[in-house]
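One rule links them: number in the working numbering = place in the sequence shown (from 1) + 672.
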Amino acid sequence: MSDKDRNQDNQVITIKKTTTSGTPSIGGSFRLINHNGDVVSDKSYTGQYLIVFFGYTFCPDVCPNTLVKFSTVMDQLGEYNSRVTPLFITVDPVRDTVQVMSDYISNFHPRIEGLTGNKKQIKHIKNIFKVYGAKSRANTENLNDYIVDHSSLSYFMGTGGEYVDFFNYNMTASSIVSKIKKIITARK
Numbered sequence: 673m674s675d676k677d678r679n680q681d682n683q684v685i686t687i688k689k690t691t692t693s694g695t696p697s698i699g700g701s702f703r704l705i706n707h708n709g710d711v712v713s714d715k716s717y718t719g720q721y722l723i724v725f726f727g728y729t730f731c732p733d734v735c736p737n738t739l740v741k742f743s744t745v746m747d748q749l750g751e752y753n754s755r756v757t758p759l760f761i762t763v764d765p766v767r768d769t770v771q772v773m774s775d776y777i778s779n780f781h782p783r784i785e786g787l788t789g790n791k792k793q794i795k796h797i798k799n800i801f802k803v804y805g806a807k808s809r810a811n812t813e814n815l816n817d818y819i820v821d822h823s824s825l826s827y828f829m830g831t832g833g834e835y836v837d838f839f840n841y842n843m844t845a846s847s848i849v850s851k852i853k854k855i856i857t858a859r860k
């Protein structure tokens with residue numbers, strides 16, 4: 673036995689390795705406003721698979737690149753397309769008004785929905801999805817000139833709002849399409 677297996681009183685210490693399994697607690701009830709000005713909730717998407725991505729319209733790179741990728745995913749999903757709704761949820765509710773979201777979302781696939789809300793609503797949805805998002809001030813005097821550091825994972829949610837899987841930023845559109853098709857086929 674090595675020294676690590678004994679405590680200071682020379683007693684044998686038993687270390688048990690535990691393994692946990694299950695699904696992480698991601699997602700839940702929410703109420704926001706979509707880019708058309710309609711109030712939506714988690715119940716609005718019952719029966720749909722969701723790709724949930726958090727970002728903001730002033731994002732210089734990650735967000736537009738991700739939304740272009742999800743536009744490609746939607747184009748490549750074929751018969752599965754109508755069963756999947758991508759949600760782009762802001763982490764910057766002060767600047768991302770309904771009008772700003774509407775203008776921004778119009779640059780991407782028509783099935784992508786932009787969601788915004790007040791600070792309290794956005795804080796709530798960030799919490800239930802375990803998402804990080806915080807202002808990072810730019811080196812200017814302009815108070816509206818800032819970026820928002822945020823998580824870049826996207827979540828794939830089931831038709832009842834349950835967490836199914838995630839997509840990291842570096843995944844290709846074809847990898848995401850393949851994963852989505854396998855999941856939907858396996859859950860029929």
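Glycine included, C-beta positions come from ideal geometry on N, C-alpha and C.
Model, not experiment: these values are computed from the prediction.
- request: For ASN817, count neighbouring Cβ atoms within 10 angstroms of its own Cβ and tell me buried if that reaches 16, exposed if not.
  value: Residue identity differs from the one stated: residue 817 is Asp in this sequence, not Asn. Residue burial annotation: ASP817 is exposed, with fewer than 16 other C-beta atoms found within 10 angstroms of its C-beta.
- request: Check whether the Cβ atoms of ILE856 and ARG755 lie closer than 8 Å to each other.
  value: A contact, by the Cβ cut-off of 8 Å.
message: So for HIS796, helix, strand or coil by DSSP?
response: HIS796 falls in the helix class under three-state DSSP.
message: So within the stretch 728 to 771, which uninterrupted alpha helix (DSSP H) runs reach at least 4 residues, ignoring any that extend past its ends?
response: Runs found: 734 to 748.
task: Assuming ILE797 contacts PHE702 (C-beta within less than 8 Å), just tell me the rounded distance between them.
output: Indeed, because the Cβ distance is near 5 Å, the residues count as touching under 8 Å.
message: Quick check on LYS676: buried or exposed, where buried means 16 or more other Cβ atoms within 10 Å of its Cβ?
response: Bear in mind that a pLDDT of 47 at LYS676, under 50, signals an unreliable position, so the model cannot answer this.
task: Give the single residue among GLN720, TYR717, ASP747, PHE801 whose Cα lies nearest to the Cα of ALA649.
output: Here the chain has residues from 673 to 860 only, and residue 649 is not among them.
query: Where DSSP assigns a beta bridge to ILE819, which residues make up the other side?
result: For ILE819, DSSP records a beta bridge to SER808.
- prompt: Looking only at C-alpha atoms, which of PRO758, ASN779, LEU787, LEU749 sits nearest to ARG767?
  reply: The residue from PRO758, ASN779, LEU787, LEU749 with its alpha-carbon nearest to that of ARG767 is LEU787.
query: Taking Cβ to Cβ, would you say GLY700 is nearer than 8 Å to ILE800?
result: Yes, they are a contact pair.
message: Please classify LYS741 as buried or exposed, where buried requires at least 16 other C-beta atoms within 10 Å of its C-beta.
response: With 16 or more neighbouring CB atoms inside 10 Å of its own CB, LYS741 falls in the buried class.
- prompt: In terms of residue numbering, what span does the alpha helix (DSSP H) encompassing SER697 cover?
  reply: Premise fails: SER697 is in no alpha helix (DSSP H) and is neither H nor E.
query: With DSSP run on the structure shown, which of helix, strand or coil describes ASP675?
result: Here ASP675 scores only 43 on pLDDT, less than 50, and its place in the model is too uncertain to base an answer on.
ASN842 classed as buried or exposed, judged by whether at least 16 other C-beta atoms fall within 10 angstroms: Exposed is the label assigned to ASN842, since fewer than 16 other Cβ atoms lie within 10 Å of its Cβ.
- request: Please name the residue, chosen from GLY832, ASP821, ASN840, GLY833, that lies closest to PRO732 on a Cα-to-Cα basis.
  value: With distances taken between Cα atoms, PRO732 lies closest to ASP821.
field: For ASP837, three-class secondary structure by DSSP
entry: In the structure shown, ASP837 sits in a strand (DSSP, three-state: E or B).
Range of the contiguous beta strand (DSSP E) that encloses ILE852: First-last for ILE852: 845 to 858, but that is the alpha helix (DSSP H), not the beta strand (DSSP E).
message: Given this structure, state the Cα-to-Cα distance separating VAL724 from SER823, to the nearest angstrom.
response: Cα-Cα distance, rounded: 12 Å.
- request: Would you kindly work out how many angstroms separate the C-alpha atoms of MET673 and LYS791, rounded to a whole number?
  value: Note that MET673 scores a pLDDT of 45, beneath 50, so its modelled location is shaky and nothing firm can be said.
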